[in-house]
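Peer 1:
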Amino acid sequence: MNLHDLLIKHLRLMDTQKAALSRLGVHTVQDLLFHFPFRYDVGGSESTIAGLEPGQEVTIIGTLEKLETKKSWKRKIPVSEGVLRDATGKIKVMWFNQPYIAKMYAEGALVKAVGKVTGSSGKVYLANPQLERVSATDVGLFKVGENQDTSPTIYGRTQEKQEGKIFAQYPESRGVTSLWFRHAIEKIFASGILEQIEDPLPPMLLKRYNLPTLKTSLVWIHTPQNLKDAEAARKRFAFQEVFLIQLERARERALQAHEKSFAVDASSEAVQEFIEGAFPFKATNAQNKAIDAILTDMRTGRPMSRLLEGDVGSGKTAVAATASYATVRTRPQGQSFGTLQVAYMAPTEILAKQHFESFIQYFQNFPINIGLITGSGCYKFPSKIRKDEATNISRAQLLKWVSNGEIPVVIGTHALIQKSVAFKHLALVIIDEQHRFGTAQRRKLTKKSSNISRDESRLRLPHLLSMTATPIPRTLALTIYGDLDLTLLDEMPPGRKQIITEIVQPSARGAAYQKMRRELKDGRQAYVICPRIDEPDPQKAFALQAKSVKEEAKRLKKSVFPEYEIDILHSKMKPKEKDDVMARFAAHEIDILVATSVVEVGVNVPNATMIFIEGAERFGLSQLHQLRGRVVRSNHQAYCFVCPESRGEKTIARLEALTKAKNGFELAEMDLLQRGPGELSGHSQWGISDIGMEALKNLKLVEAARNEAHALIQKDETLSSSPLLQEVLAKRAAITHFE
Ligand code: ADP
Ligand code: MG
C-alpha cells in the first residue's frame, strides 16, 4: 500500500460511498488518514435492555435480528431497522441514511451497540447507534449486565474507572458514516502504512513542546485508548498546521525584505495639506496614525506589506485616498515628469463604483486623472469637456492611458490583475476585502509594467495596502497575516448613531414586528435573514428545521406584513435575478427583503435600517455583527432583531454579547472562544482546518509556533536544509493558493 494510492484500490467501495468520499475530499489513503474525527463518544457501561428509559446513553451487548432497509414514507430517505436482543428483552434499532447496515450484519450477529434511548416510556428504540462486532470471548469479559469498576492498566496508569470504549466521530456524508470510517481506518492501519510516513516536524520541536510523533498522533487521533491521547494528538496537528502557515508567511516576508520598491517621497506638509483640504471631515486619530505608518513604510524603498483592519464605516477609504495622493505626488526615479501609479481593487463592481465616486469627491481640489475599469464599462475623471464629471471611455483608450502613465489612479474589481492591464510605474496596490494577496500576485502585477526596457522598475514590487472590515481574532491575524504588518482603525468617526440590538424570544416576535411596522410606515426598509433557502436538510430528517427564505417570505406576506412589498434573495438565484432584486430593493420598490446570510458583499441601501435575523444561534457572533453592519449606513436610527429558535439560557447568553461588545474585534474573540470544535465556520475562507481553528483559541500555542517558524527562517531562509518541510509547504501552496 502506498500513501498516494486511491482508496478504491484497497477498500471495496460502493458507488454511493465513492461519491460521498469524494464530496468530503477523500480520495487517497493519505486523505483518509488525515480525515480527522471531530468528536469522541465514550460508550458508557453496559446496560441490559429491560428497563431502559428514554434519554439514557447506553451500551448494549446483544444479537441483531430482522435487519432490513426501507424507505421512510415521509422523507424518502432509506431507513435500516431491526431488533436488538439480549437475555433480558429486545429493543427496536433504527439507522437513517445508512442503508448498507442491513447488508453488513448477518442475522443473529453479536454486537455491541452504543447509542441514545429514544422514544417514549414503554415504546423506546435506539436511533443511529454505533455498532461494533464482538466475539463471544469479549462478551465473557464484559459479563452482560454487570458494571465494570476496575479496568486494565493503560500506559502504566491504573484508572479508577474504565472510561469505556472510545468511538471516533467523523465528518460524514450521505453514504459513509463514522462507523464506516472506523472500519476503514482499522484496515488501513493494519496494512502497516504508518511505517512509511515521515514526520515533517523537526524532532527538536516535538521534544520542546512535548508533542507526539506523526505516527503516534495518527493512531491516537483515530483510535485513542483514552481521551488524553486524542487530545495530545489534536494538539500536535494543531501546532503543525499553525506552524506550517507561519513558516510559509515568514518565508514570504523574508523574501520580500530583499525586494526593491518605489521610494514614495511626498513631503509631510503636502500630505497634511491633502488631509485638511480633501475631506469634508476631520480625520480621526486612528486615521492619522494609520496614514503615518503607511507613509513611513513607503518612504523606505522596500515594499510595504500592511493590513488595515477597521470596522465597517471606520473610514478606510480616506486612508486609501491619502496613501494614493502621496504616491501620485512622487515622480518616477530619475524623471522630471509623470507620476507613480496606484491600482485600487474592490471585491464587487458596486464597491468599485463607490470608491471611484469617493475619490472624485476627495480629489476635487487636487486634480488628477482617475480611471474606473469594470466589466460593464470604463470611465475617466475628469471629462475633457466637463471638468467636474466623469466620462465614459473605451476600454482600449483607458488601457492606453494607464500604460503610458496618463491615468495615475485606476480603480476596479479584482479582475484588474487578471485582465490585460499594464501600468507604467505601478507603485501602490490597494486591496479591499481580499483575504490573501501573496507575493506571486504582486509580482504578476509588476510584470505588467510596460517600461521594462527603460529602467529597472520591473524589478520593483509595488507597495501593498490590504484593507478589511472583517474583524478577526488576534491569533488568526498573527497566523494568516504573518507576512503583513497590522494597523487597526479602532476608532469610529464621531456622531454615529448606535444601532439598537434586541434579542427577541420567539414568542415575542409580535412586539418586534410592531416596531418594524412603525419604521416601515416612516418609509424605511428591512432585511429578514433566514438560515435556509428551501430544501429540508435530509441529514437532519428528524431535527428541528430552521426557517427558510421561501416559506418565511410567504408567511410574512400572508399574515404579518400583507400591505408591504416583499421579495427574496439567495445564492441559488441567477446573477441577473439577484441584480434585479437588489436594484429594486435599492429603488425602494421592495420594502422587505427576505434573504439568506449571503446578501451580497457591498450591499449598500442606506434606507434599509432594520434587520431581523431568524435562527440566530446558527450564525457566529462575527457573522451576526457583519449582518448587522448592513443597516448602519445612514443617519436614521437602525435596529437589529436577533431571534433564536431555542430559548436555552446558553443561547441567549451567547447572543447577548452582541448587545455588549464594544466592537467587531471583541466579538470575534468571543466567537472563537465560545464555539466548540466542529462549529467554527469560515475556515475555508482562511484555508485553515477545524483543528487549526481550535489551535487559534490558544494564544500561547500560536505564539510558540510563530517564534519557531521565524527562528527557522532566520537560520535558513530557503529551508534548504529541510527538504521535507519544503515539500509539505509546496503541497499546501498548491492547495490553498488561488490565482
Ligand atoms: P469603510 O470603508 O471603513 O467602511 P468608508 O471609508 O466608506 O468606511 O467611510 C464611511 C463613511 O464615513 C463615509 O461616508 C465617510 O465619508 C465617513 N468618514 C470617514 N472618515 C470620517 C471622519 N474622520 N469623520 C467623519 N466621517 C468620516
Ligand atoms: Mg470600505
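Using the numbering used here, read the sequence shown as starting at 905 and increasing by one per residue.
All C-beta atoms, glycine included, are put in the ideal place defined by N, C-alpha and C.
Among the candidates L1320, Q1239, K1193, whose CA atom is the shortest distance from the CA of G1219?
Peer 2: Locating residue 1219 in the sequence shown gives position 315, where the first residue counts as 1. Among L1320, Q1239, K1193, the Cα nearest to that of G1219 is on K1193.
Peer 1: In angstroms, rounded to a whole number, what distance separates the CA positions of T1500 and F1166?
Peer 2: Position 596 of the sequence shown, counting from 1, holds the residue named residue 1500. Position 262 of the sequence shown, counting from 1, holds the residue named residue 1166. Looking at the two C-alpha atoms, the distance is approximately 44 Å.
Peer 1: Is T1563 buried or exposed, if buried means 16 or more other CB atoms sit within 10 Å of its CB?
Peer 2: Position 659 of the sequence shown, counted from the start, is the residue given in the question as residue 1563. Its Cβ having fewer than 16 others within 10 Å, T1563 is exposed.
Peer 1: Report buried or exposed for P1184, applying the criterion of at least 16 other Cβ atoms within 10 angstroms of its Cβ.
Peer 2: Within the sequence shown, residue 1184 is the residue found at index 280, counting from 1. When all chains shown are included, P1184 counts as exposed.
Peer 1: First and last residue of the beta strand (DSSP E) that includes P1033?
Peer 2: Translated into positions along the sequence shown, residue 1033 becomes position 129. That run of the beta strand (DSSP E) goes 1027-1037.
Peer 1: With three or more C-beta pairs closer than 8 Å as the rule, is the segment 1550-1557 touching the segment 1595-1606?
Peer 2: These segments do not touch.
Peer 1: Using DSSP with H/G/I as helix, E/B as strand and the rest coil, what is R1299?
Peer 2: In the sequence shown, residue 1299 corresponds to position 395, counting from 1. Of the three classes helix, strand and coil, the one that applies to R1299 here is helix, per DSSP.
Peer 1: Please report the straight-line C-alpha distance between A1450 and Y944, rounded to a whole angstrom.
Peer 2: The residue you call residue 1450 lines up with position 546 of the sequence shown. The residue you call residue 944 lines up with position 40 of the sequence shown. Cα to Cα, the separation comes out at about 26 Å.
Peer 1: When you compare only the Cα positions, how much space is there between Q1063 and Y1417?
Peer 2: The sequence position of residue 1063 within the sequence shown is 159, counting from 1. The sequence position of residue 1417 within the sequence shown is 513, counting from 1. Any answer about Q1063 is weak, because its pLDDT of 34 lies below 50 and its placement is not dependable; what the coordinates show is given next. Roughly 57 Å between the two C-alpha positions.
Peer 1: So, is M918 buried or exposed, given that buried needs 16 or more other C-beta atoms within 10 angstroms?
Peer 2: Counted from its first residue, the sequence shown places residue 918 at position 14. Exposed, because fewer than 16 other Cβ atoms sit within 10 Å of the Cβ of M918.
Peer 1: Would you check if there are 3 or more beta carbon pairs closer than 8 Å linking the segment 1261-1272 to the segment 1308-1327?
Peer 2: Cβ pair count under 8 Å is three or more, so yes.
Peer 1: Find out if the Cβ-Cβ distance for the pair M1514, V1498 is shorter than 8 Å.
Peer 2: Here residue 1514 refers to the residue found at position 610 when the sequence shown is read from its first residue. Here residue 1498 refers to the residue found at position 594 when the sequence shown is read from its first residue. No, the Cβ-Cβ distance between M1514 and V1498 is not below 8 Å.
Peer 1: If I follow the unbroken alpha helix (DSSP H) through K1554, where does it start and stop?
Peer 2: For this step, residue 1554 is matched to residue 650 along the sequence shown. Element bounds for K1554: 1553-1564.
Peer 1: Name the two residues that bound the continuous alpha helix (DSSP H) containing E1090.
Peer 2: In the sequence shown, residue 1090 corresponds to position 186, counting from 1. 1082-1094 is the span of the alpha helix (DSSP H), which, as asked, contains E1090.
Peer 1: Helix, strand or coil for I965, going by three-state DSSP, please let me know.
Peer 2: Walking along the sequence shown from the start, residue 965 turns up at place 61. Reduced to three states, the DSSP call for I965 is strand.
Peer 1: Residues in its own chain within less than 6 Å of A1182 by CB, not counting five upstream and five downstream?
Peer 2: Indexing the sequence shown from 1 puts residue 1182 at position 278. Cβ neighbours of A1182 beyond the five flanking positions: Y1266.
Peer 1: Give me, in chain order, the residues of the same chain whose beta-carbon lies closer than 7 Å to that of T1200; leave out the 5 immediate sequence neighbours on both sides.
Peer 2: For this step, residue 1200 is matched to residue 296 along the sequence shown. So no residue of the chain qualifies.
Peer 1: Sort out for me which residues DSSP pairs R989 with in a bridge.
Peer 2: Translated into the one-based positions of the sequence shown, residue 989 becomes position 85. T967, K994, per the DSSP bridge assignment.
Peer 1: Can you give the Cα-Cα distance for V1246 and W1084, rounded to whole angstroms?
Peer 2: Residue 1246 sits at position 342 when you count from the first residue of the sequence shown. Residue 1084 sits at position 180 when you count from the first residue of the sequence shown. Distance between the alpha carbons of V1246 and W1084 is about 55 Å.
Peer 1: Starting from L1371, trace the beta strand (DSSP E) both ways and give me its first and last residue.
Peer 2: The sequence position of residue 1371 within the sequence shown is 467, counting from 1. This sequence places Met at residue 1371; Leu is not what is there. 1367-1372 is the extent of the beta strand (DSSP E) around M1371.
Peer 1: Leaving aside the five residues before and after H908 along the sequence, list all residues of the same chain whose C-beta is less than 8 Å from its C-beta, in chain order.
Peer 2: Position 4 of the sequence shown, counted from the start, is the residue given in the question as residue 908. Cβ within range, chain order: T932, V933, Q934.
Peer 1: Is W1124 closer than 8 Å to A1137 when the C-beta atoms are compared?
Peer 2: Against the sequence shown, residue 1137 aligns to sequence position 233. Against the sequence shown, residue 1124 aligns to sequence position 220. Cβ distance < 8 Å, so A1137 and W1124 count as in contact.
Peer 1: Quick check on the DSSP output: the beta strand (DSSP E) that includes F1516 runs from which residue to which?
Peer 2: Within the sequence shown, the letter at position 612 stands for residue 1516. Taken as a continuous stretch (DSSP letters only), the beta strand (DSSP E) holding F1516 covers 1512-1518.
Peer 1: May I have the straight-line CA-CA distance separating V1663 from L1115, to the nearest angstrom?
Peer 2: Nothing can be reported for residue 1663, as the shown portion of the chain is limited to 905 through 1643.
Peer 1: What's the C-alpha gap between K922 and T1081?
Peer 2: Along the sequence shown, one-based indexing puts residue 922 at 18. Along the sequence shown, one-based indexing puts residue 1081 at 177. Those two C-alpha atoms are separated by around 13 Å.
Peer 1: Do F1178 and T1117 have their C-beta atoms within less than 8 Å of each other?
Peer 2: Taking the sequence shown and counting its residues from 1, one reaches residue 1178 at position 274. Taking the sequence shown and counting its residues from 1, one reaches residue 1117 at position 213. Contact flag unset, no.
Peer 1: When DSSP labels each residue in this structure, what does D895 get in the three-state scheme?
Peer 2: Because the chain spans 905 through 1643 in this model, residue 895 falls outside it and cannot be assessed.
Peer 1: Please determine whether the Cβ atom of K1220 lies at a distance below 7 Å from any heavy atom of the ligand MG.
Peer 2: Translated into positions along the sequence shown, residue 1220 becomes position 316. Yes - the ligand MG has a heavy atom lying nearer than 7 Å to the Cβ of K1220.
Peer 1: Give the DSSP bridge partners of G1316, in chain order.
Peer 2: As a position in the sequence shown, residue 1316 is number 412, starting the count at 1. In DSSP, G1316 forms a bridge with M1249, I1277.
Peer 1: For I1595, report the span of its alpha helix (DSSP H) as first-last.
Peer 2: Taking the first residue of the sequence shown as position 1, residue 1595 is located at position 691. Per DSSP, I1595 belongs to the alpha helix (DSSP H) from 1594-1599.
Peer 1: Suppose contacts are defined by Cβ-Cβ distances below 8 Å. Is L1571 in contact with H1529 by that definition?
Peer 2: In the sequence shown, residue 1571 corresponds to position 667, counting from 1. In the sequence shown, residue 1529 corresponds to position 625, counting from 1. For L1571 and H1529, yes; Cβs fall inside 8 Å.
Peer 1: Which residue or residues does DSSP assign as beta-bridge partners of P1548?
Peer 2: Residue mapping note: residue 1548 aligns to position 644 of the sequence shown, counting from 1. Looking at the DSSP assignment, P1548 forms no beta bridge with any residue, so it has no partner.
Peer 1: D1387: buried (16+ other C-beta within 10 angstroms of its C-beta) or exposed?
Peer 2: As a working mapping, residue 1387 is identified with position 483 in the sequence shown. Its Cβ being crowded by 16 or more others within 10 Å, D1387 is buried.
Peer 1: Return yes when the Cβ of K1091 is within less than 8 Å of the Cβ of L915, no when it is not.
Peer 2: The residue labelled residue 915 in the question sits at position 11 within the sequence shown. The residue labelled residue 1091 in the question sits at position 187 within the sequence shown. Yes, the Cβ-Cβ distance between L915 and K1091 is below 8 Å.
Peer 1: Any chance the CB of G1279 is under 7 Å from a heavy atom of the ligand ADP?
Peer 2: As a first step, residue 1279 must be located in the sequence shown, where it is residue number 375. The answer is no for G1279.
Peer 1: Strictly by DSSP, which residues pair up with A1542?
Peer 2: Taking the first residue of the sequence shown as position 1, residue 1542 is located at position 638. DSSP output for A1542 lists no bridge partner at all.
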